[in-house]
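Position one of the sequence shown corresponds to residue 1 (full-length UniProt numbering), numbered consecutively onward. We treat Cβ as the ideally placed atom computed from N, Cα and C, and that holds for glycine. None of the values given here were measured: they were computed from a predicted structure. Inspection log for the structure reproduced underneath, given as structure tokens.
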Amino acid sequence: MQEIRTAMRASAPLDSSTRAVLADWVELQVLLSEGPVAEQQLIRSQAAQSEPDHGDVLTEIDLEPADEEILETSADELSQRVHEELAYRESVLGPLYPFELTVEYGKWALRRRETSDSSEQAAHRAYVCCLLISAMHSELLPIASKHTLFTRSAKIMQIESYLTAAEILGGSAYWFGYPRPDHSNMLTAVQKLVEAMGLGVAPNERPPGLSPNANDGTVDIVAWRPFRDGQPAAVVAYGQVASGRNWNTKPIGAYVKGHFLSWFTEPPSDKHIELLFIPVLQHHKLRESSSEGYREVARAQARLREMDFGVVIDRLRLTELMAVSKVGGRYDEAEYMSHEAEAEAWVSEALAYASESCS
């Protein structure tokens with residue numbers, strides 16, 4: 001079986017890559033291949049990474065028996081970790097996962113999942129979109145920061161987040177992140193948000209002390225569940241969208257009161273839920289531990305993460321929500337289709353870029 005990593009822009013994962021990144025690499029290779037990707041391709045890519053000349057160490061004829069045994073054990077452990085990660089993703093999403101994991105003769109392989117269901121198709125597209133954004137912000141898909149695909153990735157992540165936000169509370173959502181589709185300034189956006197929500201009071205002028213150059217007050221998405229009585233105390237959520245590596249350095253809770261709610265004469269609610277949308281999985285950076293179980297540590301970290309960031313909507317959760325959003329009817333149909341088309345076009349361009357020869 002030939003390796004597929006050298007002919008394309010997509011890079012092999014590093015020796016130090018986490019199991020989540022390794023699984024992302026396998027998924028990315030499936031998207032760029034005509035058929036399934038087998039575990040041996042992952043093992044070859046990592047074996048080549050461990051050699052200074054990027055040779056295929058698994059086929060060296062001068063290895064000592066002890067070296068061969070060590071390499072085989074290491075390869076088996078690597079394969080098992082990635083298989084566990086891929087199986088976890090498939091078990092969480094079921095038919096919403098855009099790939100199928102199979103095992104034959106003790107060896108696993110990953111292939112594309114086909115479906116004619118519109119809800120599942122929307123979920124698959126959302127997952128792939130997040131995967132490509134993640135790859136561009138990691139070692140898997142090197143790209144210049146000034147490249148149009150990279151600069152547009154933030155807006156694409158905003159689109160994916162916005163189109164799923166209304167389903168979180170079963171209500172409505174508002175695109176507040178700058179630049180906004182209507183190109184409004186901060187004051188106008190606050191006024192329009194109050195009108196859309198039917199909650200709170202917006203000022204006629206910029207409140208004293210607040211910057212005339214403010215964009216969005218760190219809030220990218222507003223979601224709410226209104227009640228028919230129109231009274232205060234609706235369920236309201238403020239969300240931040242992060243597409244880059246530093247998503248865990250700027251919790252929205254540290255900014256929302258001073259930079260966002262201070263723009264209202266009367267905020268839409270006294271209490272609110274905080275959201276964080278990310279294209280990676282929550283355990284993206286988690287490394288193996290010889291003393292603690294991987295999933296147990298991931299769950300413990302997720303619980304702690306909620307204390308700082310609120311409800312984290314990662315790739316798996318966003319995919320789940322997109323399946324419901326596609327048929328939920330919570331958005332204006334024309335608006336939904338326009339955003340969906342823009343995201344699909346970006347994905348097509350990103351896949352074409354990743355498939356290009358590096359030469």
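What does residue i pair with, by DSSP beta-bridge criteria?
i, result
"V190", "DSSP, once it has assigned bridges, lists no residue as partnering V190."
"G239", "I221, L275"
"V347", "None, per the DSSP bridge assignment."
"F99", "R112"
"Y174", "V222"
"I143", "Answer by DSSP bridge pairing: none, since I143 is not bridged."
"V312", "L276"
"E104", "K107"
"V37", "L110"
"V92", "Answer is none; V92 lacks a bridge partner."
"V201", "E266"
Please go through the same chain and pick out, in chain order, the residues whose beta-carbon is closer than 6 angstroms to the beta-carbon of residue i, but skip the five residues on each side of it.
i, result
"L321", "T164, E167"
"L156", "According to the sequence as given, residue 156 is Ile; it is not Leu. Correct list, in chain order: A343, W346."
"S161", "I221, V241, F277"
"F150", "M136, I143"
"P267", "G200, L261"
"P13", "V21, L22, W25"
"R330", "A166"
"Y255", "T218"
"H259", "G217, T218"
"A302", "Q282"
"P203", "T265"
Using C-beta distances below 7 angstroms, list every residue in its chain close to residue i, excluding the 5 sequence neighbours before and after it, in chain order.
i, result
"E344", "R125"
"D24", "L131, S134, A135, L140"
"V128", "L31, P98, V347"
"L101", "L86, A87, E90, W108, L110"
"E335", "none"
"P181", "W175"
Is it buried or exposed, residue i, if we count other Cβ atoms within 10 angstroms and call 16 or more buried?
i, result
"F227", "exposed"
"H339", "buried"
"A341", "exposed"
"Q231", "exposed"
"R44", "buried"
"M179", "What sits at residue 179 in the sequence shown is Pro, not Met. P179 is exposed by the Cβ-count criterion."
"V219", "buried"
"V327", "exposed"
"Q80", "exposed"
"R245", "exposed"
"G310", "buried"
"Y105", "exposed"
"H272", "buried"
"G209", "exposed"
"A173", "buried"
"A350", "buried"
"V103", "exposed"
"T319", "buried"
"A323", "buried"
For a quick check, are the C-beta atoms of residue i and residue j less than 8 angstroms apart?
i, j, result
"G177", "F264", "no"
"P36", "R152", "no"
"L140", "L31", "no"
"F239", "L261", "Looking at the sequence provided, one finds Gly at residue 239 rather than Phe. Against a cut-off of 8 angstroms, the Cβ pair of L261 and G239 comes out as no contact."
"A237", "W247", "no"
"R9", "A352", "no"
"N215", "M197", "no"
"A38", "K146", "no"
"L169", "V92", "no"
"residue 360", "A154", "The requested residue 360 is not part of the displayed model; the chain covers only 1 to 359."
"A233", "S211", "no"
With a cut-off of 8 angstroms, does the C-beta of residue i fall near any C-beta of chain D?
i, result
"V201", "No chain D is present in this structure, which holds just one protein chain."
Give every residue of the same chain whose Cβ lies closer than 8 angstroms to the Cβ of residue i, excluding the five residues on either side of it in the sequence, and list them in chain order.
i, result
"residue 396", "The shown model of the chain, from 1 to 359, leaves out residue 396, and the question about it has no answer."
"E205", "L187"
"V82", "R19, L22, A23, V26, E39, L42"
"S118", "K326, V327"
"T115", "P95, Q121, H124"
"S17", "W25, E139"
"I252", "T218, V219, Y238, G239, Q240, E274, L275, L276, F309, G310"
"R315", "Y127, C130, L131, S134, I278, P279, V280, L281"
"S184", "K192"
Nearer than 7 angstroms: is that true of the beta carbon of residue i relative to any heavy atom of the ligand FAD?
i, result
"N215", "In terms of ligand content, the structure shown is empty, and the ligand FAD therefore cannot be addressed."
The stretch 298-318 in contact with the stretch 187-194 per 3-pair CB rule at 8 angstroms: no
Three-pair Cβ contact test at 8 angstroms for the stretch 291-305 versus the stretch 93-100: no
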